[in-house]
Every structure is written in C-alpha cells, then in structure tokens.
Amino acid sequence: MIFGVGCSDKGDDTDKIAYISQSADSEYERTFDELGLGRLFDFNFKLPRSDESWVKIWVEGYKDGEPVEPFPLIKLSYGLVPKEVEEGNLGAGILHPGSDSPQLFIYSKGARTGPVNIDDSLFSDTNVRGWDYAIEGETVGLNSGEEKVLAVYRLGKGSMRTRYNYQDPDELDEMISEDKVVLIFMISIEEKEEV
0 MIFGVGCSDK GDDTDKIAYI SQSADSEYER TFDELGLGRL FDFNFKLPRS
50 DESWVKIWVE GYKDGEPVEP FPLIKLSYGL VPKEVEEGNL GAGILHPGSD
100 SPQLFIYSKG ARTGPVNIDD SLFSDTNVRG WDYAIEGETV GLNSGEEKVL
150 AVYRLGKGSM RTRYNYQDPD ELDEMISEDK VVLIFMISIE EKEEV
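The sequence shown runs 0 to 194 under numbering that gives the first Met the number 0.
As structure tokens, this is what we get:
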C-alpha cells in the first residue's frame, strides 16, 4: 500500500502534527469513477498524536467571487482519539455535480459526514470544469494550527486558466475572482488536550 511507504520516513519527524499525501487513483477514487458518482479527492492521512489532536476538515464555496452560504458548505471536526496514532484515508467528494441534486461529503478514519445537499445553481450556467489536488506527489507535514488547501474543484464559462499555486493566498484570491464557481477542500489540525 502506498500509504505506508509514503508516510514512513516523514512520520518520525515529531515537529509535525500530521502527514498527508494524495492518493490519486486509489481504490476509493476508481470505484467512484467506475460508478459515475461524481468527483472524489482521496488522501493518505497520518496523525501521530491523535490523542492530543483536533482535526477540522471543510469545503468552502465561492460563486462569482463571493462566498456561498452556508459558509463553509460542509465541515467535519473530530479528535482526541483514544489511540496514540491514527492513520487511514481522508477525503471529500462531490456526488452528481451537474444534476438537480448535487451533494458534498467528507470522510476520515473513524469520522464522516452524510451527504449534504448543495445549491444546484452552483453547477448551472457553466461549461468548463477542472479539478486538482493542491498537494502533489510527496507527503506533506502539517504544523499545529496551519490551514492547508488539499484540493479544488472549479467551474467556468468559456475558458479557465489551467493552473494556480493553491497554497499561495494571492493566487487563490485570483482564482476565486476569475472562475464562476470554486470549491476548496481544506484541513487544519490543532494540538488539544480536551474539547
């Protein structure tokens, strides 16, 4: 399994609160594609001190440069797991984009949301779609309190710029203002001893 190899070297670095890497073409993603369910972003995730960590995962939505209500569109918070180390898959999916009942969901090892309906008008009046992982190839270590963009799903009219640096706030703002609709999948993890 790629996860064990991808995270083993960096997992010994005690300065980081978590480690994450993209799991493109994972079994989860292949199943999602084969069933024609929509788009899934899947990651390998390791939380070395899960008994002292609080995880927040969310999806922000923007249309015509403005935040979409509710903001964020969906979120999942969990932590203080009674195991010292937690590792497994983490991700977000868009079910049936372009239909009259699109939905979002988020999952992680031991925690998940049910599908949440989102406004179908987000996907109307667009003819170009693009999606990207915001972290590439290698395992990324996260610091406590750091917000990290994990993936983006973009919709446009006519044409869209092909690539942005998703970790650069200025380029994110530029993308949000240029594209018709932007969904941003994010994560933040904090050290905590109690809720």
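Positions of the beta carbon are idealized from the N, C-alpha and C atoms, including for glycine.
Query	Result
Leaving out the 5 sequence neighbours to the left and right, which residues in its chain are closer than 7 Å to Glu-146 when beta-carbon positions are compared?	Met-185, Ser-187
Less than 8 Å between the CB atoms is what I'm expecting for Lys-179 and Leu-154, so what's the real figure, rounded?	5 Å
Around the C-beta of Leu-171, are 16 or more other C-beta atoms found within 10 angstroms, so that it is buried, or is it exposed?	buried
Which residues in the same chain as Ile-56 place their Cβ atom closer than 6 Å to its Cβ, once the five residues preceding and following it in sequence are excluded?	Leu-75, Ile-105, Ile-186
By the 10 Å Cβ neighbour count, where 16 or more other Cβ atoms means buried, how is Ser-98 classified, buried or exposed?	exposed
Counting beta carbon pairs with one atom in the stretch 155-168 and one in the stretch 58-70, are three or more of them shorter than 8 Å?	no
In the DSSP assignment, find the unbroken beta strand (DSSP E) run with Ser-107 in it and report its ends.	102-107
Terminal residues of the continuous beta strand (DSSP E) containing Glu-86?	85-94
Starting from the Cα of Ser-20, find the closest Cα among Leu-34, Asp-14, Tyr-132, Ile-183 and give me that residue.	Tyr-132
Near Arg-38, which residues of its chain fall below 8 Å by C-beta distance, leaving aside the five closest residues on each side in sequence?	Phe-31, Gly-92, Ile-93, Pro-96, Trp-130, Tyr-152
In or out: Gly-78 buried (at least 16 other Cβ within 10 Å) or exposed?	buried
From the DSSP secondary-structure annotation, give me the bridge partner or partners of Ala-17.	Leu-141
Flag this pair as yes or no: are the beta carbons of Gly-144 and Glu-189 separated by less than 7 Å?	yes
Reducing DSSP to helix, strand and coil, say where Met-174 ends up.	helix
Which runs of the beta strand (DSSP E), 3 residues or longer, sit entirely within the stretch 107-136?	127-132
Whole angstroms is fine: what's the gap from Asp-14's alpha carbon to Val-80's?	20 Å
Please classify Gly-90 as buried or exposed, where buried requires at least 16 other C-beta atoms within 10 Å of its C-beta.	buried
Looking at the structure shown, is Glu-193 part of a helix, part of a strand, or coil, going by DSSP?	coil
So Glu-26 is in the beta strand (DSSP E); what residue range does that whole segment cover?	It is not in any beta strand (DSSP E) - Glu-26 instead sits in the alpha helix (DSSP H) that spans 26-33.
With a CB to CB cut of under 8 Å and the five nearest residues on each side skipped, what residues in its chain are close to Arg-111?	Leu-75, Phe-104, Ile-105
Short of 6 Å in beta carbon distance, which residues of its chain neighbour Glu-59, apart from the five on each side in sequence? Order them along the chain.	Pro-71, Ile-183
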